[in-house]
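Each step along the sequence shown adds one to the number in our numbering, with nothing skipped, and position 108 is 125.
Quick reminder that beta carbons are idealized off the backbone N, C-alpha and C, glycines included.
This structure is a prediction, so every number in the text was calculated from the model and none was measured.
Below you'll find the structure, written out as C-alpha cells, and then a few comments.
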Amino acid sequence: MGFFSKKKSEEKPEQPVTLYDLHQAAKKEADPAKSGALYLKLIEKAAAEDDQTWLRVGLCELAFGGGAQRDLARLRLLAEKLTDEDERDEFLRDLDELEPRGLEAAGESKERMRAFLLGAALDGSNAAAWQIANCLGAAHTDQELLNAVSLGGLRGDERCAFFMQARAAQIGGDASPEAQRQYEFWDELYDAIAYGDPEDLPPFEERMAAWQQACGQDKAVIEAKRAGLRELQKKMAEADARVRALEGQPGREEELLVAFCQWLACRDRVGLYFKTWIHFLEWPGKRPFLLFNYRPGQDPDSWHEPECDPEILKRVVLGQALEHDGHDYPKAAQLYREAARLGSGEALYRLCALSQYWEAAGEGRSDEEWTEEIRAAGWPIVSGWRYPRLHCDDPSGLLQLAGQAEPGAVHHLARELKAKWQGAAKRGDPDADERRREALLVARAELALTRKKAQEGDCEACLHLLELYRSTRDDGLLSEDREFRKTRDKELSHWVGQLFVRRCSLVYYMVAQFPDLFGTDEEGGLKAAQAAEAAGLTGAMDAYERWCRDQRILRESTRQKRELQRQEARRRTAARDALEAEMDAYRDQLDWAERGISAALGGSAVTRQEAFFMGESSTSQYAREAFIRDELEAKHRKELENEYAGDFSDGEED
C-alpha cells in the first residue's frame, strides 16, 4: 500500500434493468453460480412482464447451457410459468427424456454439456439432437458426429435420423455454402443407411478428403463475403460522417435528407448482408439494426422508378401543377385518373392522397382497393401521407423517393422512424436515444422542407404544413422543442390565412366540413360550401349539411343534458331544505324535552344552554349534556341523510 495508490470505488456497478441486459450479463458471467442466479432473475422478470420469448430463453439456458448443477424439480416448477401449453409440455418432455441419462449432473461447462448431449443424441435421444442443432451450433458437432461414423457407431443404424431431422430444420435456401454442404453430406449418409447398404458407402478417408476440399472452396467464398461486408461498413461510415457534418445547419435540410437516406440505405444493406450470411460472419456486440423487415434476398436498392410514358408524365406533372396552384382540383383529379388508366402508380397514389381531403376524388374506393391497385401498379407507397394506412410496400423505393424530397415519402419515413423510436423506448432498448435522434432529424427536415415549398407558393405544401402542426402537438419530438412550441399556433394561423389569400378552393371544402375548427359560424360555412361547389368540389354542400345536422344533434344533446342537470340541482336543493327543516323540528323537540326535565326537577323550565347561562348548572355538567345533545343530533342527521340519499345523488347511477 502506497500513499498514492488509488482507492477502490465503493460504488456498485449499475444493475441490468432490461431482459436483454440480464441475458447478456448472464452470458458474460464466468462464475456458474452467479450466471445461474442471473438466469433465474431473467425468468422471474420475463414472467412478471409476460414475455414468453425471454422466459423460454432463460429456461433453456438453465437446463441445457453451461452452469451450476441443475435443480430439475425447480426447473419443472419454473416451466409452469409458460402460458403456451405445447411449449411447456415439450420442455417438460425434454427434461423427462434427458433426466435418466444424467442431465442433472451433466457438468458446469458448455463443452461438457455439449459432450453429454452428443452422447445422448448418438444413443437415440431426440431431445438431445434438437438441443445440439438449436442451441450449440453445428460446426463442431458435425465433425464429432463424423468421427463417430468413422468408428462404425452409426453404420447400419437409423439413429442418425433424429439428428438429421434437427439439422434439416435449420437449413434453408439462403443458407451458407458450408451449411449446404453439411446438409448434403448427412442427407446422402442418411439415405444410404435408411434405404441402402451401409457397406456401399465410400471409405471414410475418401469422404473426409472430399469434405476438406469442399471446405477449402467455401473458405474463399467466405473471405469474399467478409471483404464485401468491410466495404459496406466503410461506405456506411462515410455516409454517417456526411450526415453529422450537415446536421444542425439551417438552410441545408435537403442536403441533409439526401445524405441521411443514403446512410439509412447503407445501414440496411449492412444489416441485410449480415442477416443473409449470418452463418459465418462475425459481428461484435449487437446485430446490425434493420429499419425495414426485408424479404429474403431483397436488396435495399432494388426499386427503380419505372420509365414513364410521355403521355403519363405529362398528365401527372400537369396534375401536380394544378394541385400546387390550388384552384382546379377537379381537373387535377381527372388528369390523375387518365394517367392511372394508362398504368401510372404515382397517379393512383396522388389520387389517393387527394381523396383524403376531397372524398369524391376517390370515387368510393375502400382502403383495401387503394392498397391493391397502387401495389399492382408498382408504386412503393400505397397510401396518401395524410392518413397513411400502410407505411410502405417497398422500403428501397421509399428511401429513394425520400432522398428526392418527395413530401409523401418523407412523411412516411418520418412516421416509420418515429414508430421505431417509440417501440425501442417502450422495450427499454439501450439504442432508444439513437432511434429518437434519427426520428427527430427527419421530422425537422420534413418541417423545414415543407415550409420552404409553402413559402414558394405551393398550396399542397400549405395543407401538408397544417397537418404537421396539428399532428406534432404532443409527438414527443418536435413538441419538446421550446422554440417550436412558442411559434406553432402563430404559424398555424398564418398558413390558414395564406390558403385563403391564395384562394385555394380545397380550404373552402375543409371549412364547409368543419366551420367551427376554422373559427366561423353556420353562415360562414354555407358561403365556404357554395364557393367549393362553384370550384367543382362536389360534395361540399353535403359535408356542410352533415356538419349542421351534427351541430343540431350536439346542441339538442347539450340542451337536454343541461336541463337534466338543472332538474337534478333543484331536486338536491329541495332535499337539503327538507332535511334542514326536519333537523330544525328535531332541535325544537329536544328543547321542549329539556325544558320539561328542568321544570320537573324544580328548575326554571329552561333549556340546558339557558340554565348554564343563568348559573343553574356547572360548566362540567353543561359540557356533558351538550356532548350528549350533539350525539343525538348527529345520529338523527345521519338517519335523515340515509333517507334522502337518492335525492342527494347526481343521477348518474339512475
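Cβ-Cβ distance between Leu418 and Val459 below 8 Å: no
Reduced DSSP secondary structure (H/G/I, E/B, other) of Val333: helix
Supposed contact pair Leu99 and Arg105 - C-beta distance, whole angstroms, cut 8 Å: 4 Å
With 16 other Cβ atoms within 10 Å as the buried cut-off, status of Ser361: buried
Buried or exposed by the 16-neighbour rule on C-beta atoms within 10 Å, applied to Gln279: buried
Expected contact under 8 Å - CB spacing of Leu115 and Ala96 to nearest Å: Rounded, the Cβ-Cβ distance is 14 Å, inconsistent with contact.
Coil, strand or helix - Thr35 by DSSP: coil
8 Å Cβ shell around Leu657 - same chain, five flanking residues per side excluded: Leu596, Glu599 and Met600
Ala338 burial status per 10 Å Cβ neighbour count (16 or more: buried): exposed
Sub-8 Å separation of Pro673 and Trp564 beta-carbons: As displayed, the chain neither begins before 18 nor continues past 671, which places residue 673 out of reach and without an answer.
For Asp594, three-class secondary structure by DSSP: helix
Reduced DSSP secondary structure (H/G/I, E/B, other) of Gly613: helix
Pro412 burial status per 10 Å Cβ neighbour count (16 or more: buried): buried
Same chain, Cβ closer than 6 Å to Lys470, five either side skipped, listed in chain order: Ala478
Val74, DSSP secondary structure in three states: helix
With 16 other Cβ atoms within 10 Å as the buried cut-off, status of Gly619: exposed
Among Met527, Ser52 and Glu580, nearest to Ala548 - alpha-carbon criterion: Met527
Proximity to Gly395 [Cα-Cα], best of Ala377, Ala90 and Cys325: Cys325
Cβ pair Leu335, Arg354 closer than 8 Å: no
8 Å Cβ shell around Arg490 - same chain, five flanking residues per side excluded: Ser496 and Arg505
N- and C-terminal bounds of the alpha helix (DSSP H) containing Leu523: Ser522 to Gln530
Proximity of Leu494 and Thr467 at Cβ, strictly below 8 Å: no
With 16 other Cβ atoms within 10 Å as the buried cut-off, status of Ala545: buried
Integer Cβ distance of Tyr374 from Ile398, believed to fall under 8 Å: Contact doesn't hold; Cβ gap of about 17 Å is too wide.
First and last residue of the uninterrupted alpha helix (DSSP H) at Arg502: Arg499 to Val518
Reduced DSSP category for Leu554 - H, G, I as helix; E, B as strand; rest coil: coil
Backbone CA spacing between Glu27 and Glu272 [nearest angstrom]: Here the model assigns Glu27 a pLDDT of 44, short of 50, so the residue's position is not dependable, and the following value carries that caveat. Cα-Cα distance, rounded: 49 Å.
Host alpha helix (DSSP H) of Ile645 (start-end): Thr636 to Glu660
Three CB pairs or more closer than 8 Å across the segment 32-51 and the segment 61-72: yes
Three-state secondary structure (DSSP) of Tyr374: coil
Inter-residue Cα distance where the pair is Asp452 and Trp438: The amino acid occupying residue 452 in the given sequence is Arg; Asp does not appear at that position. Spanning the two alpha carbons is a distance of roughly 5 Å.
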